[in-house]
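Every number in my numbering is 7 more than the matching position in the sequence shown, counting from 1.
Virtual Cβ for every residue (Gly too), placed ideally from N, Cα, C.
Down below is the structure, laid out as structure tokens.
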Amino acid sequence: MLGTAGPRLSPNVQAAITALLAFGLFSAHDALVKMLGATYASFQIVFFSVLLGLPFAVVMLVRDPVEGNLRPVHPWWSALRTVAVVLTGMGGFYAFSTLPLAQVYAILFATPLLITVLAIPVLGERVGPRRWGAVVVGLGGVILVLRPGNQPFELGHMAALLAAVGAATASITVRRIGKDERPMVLMLYPMLANVVVMGATLPFVYIPMAGTDFAAQALIALLAFAATLLMIVSYTRGEAAIVAPMQYSQILWATLYGALFFGEPPDLWTGVGAAIVIASGLYILVREGSGQRSVNRPVLQTRSRPETGTYLRIGPLLSRAAKSDDDDA
Numbered sequence: 008m009l010g011t012a013g014p015r016l017s018p019n020v021q022a023a024i025t026a027l028l029a030f031g032l033f034s035a036h037d038a039l040v041k042m043l044g045a046t047y048a049s050f051q052i053v054f055f056s057v058l059l060g061l062p063f064a065v066v067m068l069v070r071d072p073v074e075g076n077l078r079p080v081h082p083w084w085s086a087l088r089t090v091a092v093v094l095t096g097m098g099g100f101y102a103f104s105t106l107p108l109a110q111v112y113a114i115l116f117a118t119p120l121l122i123t124v125l126a127i128p129v130l131g132e133r134v135g136p137r138r139w140g141a142v143v144v145g146l147g148g149v150i151l152v153l154r155p156g157n158q159p160f161e162l163g164h165m166a167a168l169l170a171a172v173g174a175a176t177a178s179i180t181v182r183r184i185g186k187d188e189r190p191m192v193l194m195l196y197p198m199l200a201n202v203v204v205m206g207a208t209l210p211f212v213y214i215p216m217a218g219t220d221f222a223a224q225a226l227i228a229l230l231a232f233a234a235t236l237l238m239i240v241s242y243t244r245g246e247a248a249i250v251a252p253m254q255y256s257q258i259l260w261a262t263l264y265g266a267l268f269f270g271e272p273p274d275l276w277t278g279v280g281a282a283i284v285i286a287s288g289l290y291i292l293v294r295e296g297s298g299q300r301s302v303n304r305p306v307l308q309t310r311s312r313p314e315t316g317t318y319l320r321i322g323p324l325l326s327r328a329a330k331s332d333d334d335d336a
């Protein structure tokens, strides 16, 4: 019948589509970082990304309904998380500036594997032989991407590995203290630390930015903010087991952007290694999401992509939203 609305998409399908759009924006964000990295130091790019992103962060944090001060309940864990996020930002932005986009993503996709390992001592997670096997196979994929002995091991590779380790450390720390700390403490301290640390390096690396480059820098902050909002919508509408795997779509964007804008044709071994890492990460997500195989579900509950401290983490924001809904009920 004319005028009859077509079938509506299920909430999980809507969430998956929204997440794909969010990670597309994040990939555009990373491509702009790479573009600016050809001229400016990564410290400078991180500094202005945080500085221009702070107004967006304040808008989202000012409505924090949790009463209290900014004193951390767990100061040492909070300090560890802050250091890890700063190192992730430094390593990630430098890696994007110097390495092919697809290669950086392939290494960063090892983050869920590292979270699985860190969950054992930090959260008391029991990891069975199958998840251990996925970790070993996935790390083998990372080695395939790096190909030691067949290509130079550059500082950019080390920076990408540092970013993956830092992101895993930051995420597992949130799982350890997230129930006790205010969302504002979890999110604001890393951003302010980035401003201070990166600002201290500016006298040594600063290059005046052309107007178009500064506009690109502002667009980086805007893309991160928009992608964060879309991720919140996505996790609000759909199940984490559906939304989380969408992060791997970034490898497709990286291949496209790399070929179109940076003269980076698809590399066979990077593709094979990335496929192995992605398959391992997906297997861990499936194992955590089924039955009682994981008590803490550390990877499935890591709802942000690797943190850099240049934009907000969505986990605390989702927790805050859930709390507000409970209070309104």
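Residue of the options minimising C-alpha distance to residue i
i, options, result
"L146", "V302, I214, L32, L115", "L115"
"L267", "V293, G140, P107", "P107"
"A86", "V192, H164, V57, K41", "V192"
"I150", "G131, G173, Y101, A117", "A117"
"A222", "V172, V20, M42", "M42"
"M6", "S256, S178, V204", "Summary: the structure shown does not reach residue 6, with the chain confined to residues 8 through 336, and so no result is reported for it."
"T350", "M253, G218, P272, G270", "Nothing can be reported for residue 350: it is not among the residues displayed for the chain, which extend from 8 to 336."
"I285", "P210, A102, A109", "A109"
"L275", "H81, G206, Q21, G148", "G148"
"T123", "Y196, G44, L307", "L307"
"G316", "S297, F63, V293, P197", "P197"
"Y255", "A22, L27, V20, Q21", "L27"
"L168", "G206, A102, R189", "A102"
"A38", "T277, G98, F269, G288", "F269"
"A207", "H164, Y47, F54, G31", "F54"
"T309", "G31, A126, L77", "A126"
"E188", "F63, N19, W83", "W83"
Euclidean distance between Cα positions of residue i and residue j
i, j, result
"F50", "S17", "43 Å"
"V142", "V134", "10 Å"
"A175", "Y290", "17 Å"
"L120", "F100", "21 Å"
"R15", "G140", "40 Å"
"H104", "R300", "In the sequence under discussion, the amino acid at residue 104 is Ser, which differs from the His named in the question. Computed Cα separation, rounded: 39 Å."
"V240", "M216", "34 Å"
"L130", "N303", "7 Å"
"E295", "F211", "46 Å"
"F339", "G60", "Lying before the first or after the last residue shown, residue 339 is absent from the chain, which here runs from 8 to 336."
"L319", "P190", "10 Å"
"E271", "A281", "16 Å"
Simplified DSSP assignment, three categories, for residue i
i, result
"P272", "coil"
"P305", "coil"
"P128", "helix"
"R133", "coil"
"H81", "coil"
"L319", "coil"
"E314", "coil"
"S17", "coil"
"L106", "coil"
"E246", "coil"
Residue j beta carbon less than 9 Å from that of residue i
i, j, result
"N201", "V93", "yes"
"Q224", "S56", "yes"
"V111", "A261", "yes"
"I283", "V181", "no"
"E132", "P313", "no"
"G265", "A166", "no"
"I184", "I52", "no"
"G96", "A170", "yes"
"Y242", "A22", "yes"
"A29", "L237", "yes"
Cβ-heavy atom distance, residue i to the ligand ATP, below 8 Å
i, result
"G44", "The ligand ATP is not among the ligands present in this structure, which contains no ligands whatsoever."
Ignoring anything shorter than 4 residues, give me the alpha helix (DSSP H) runs that lie fully in the region 146-232, in order along the chain.
162-184, 190-212
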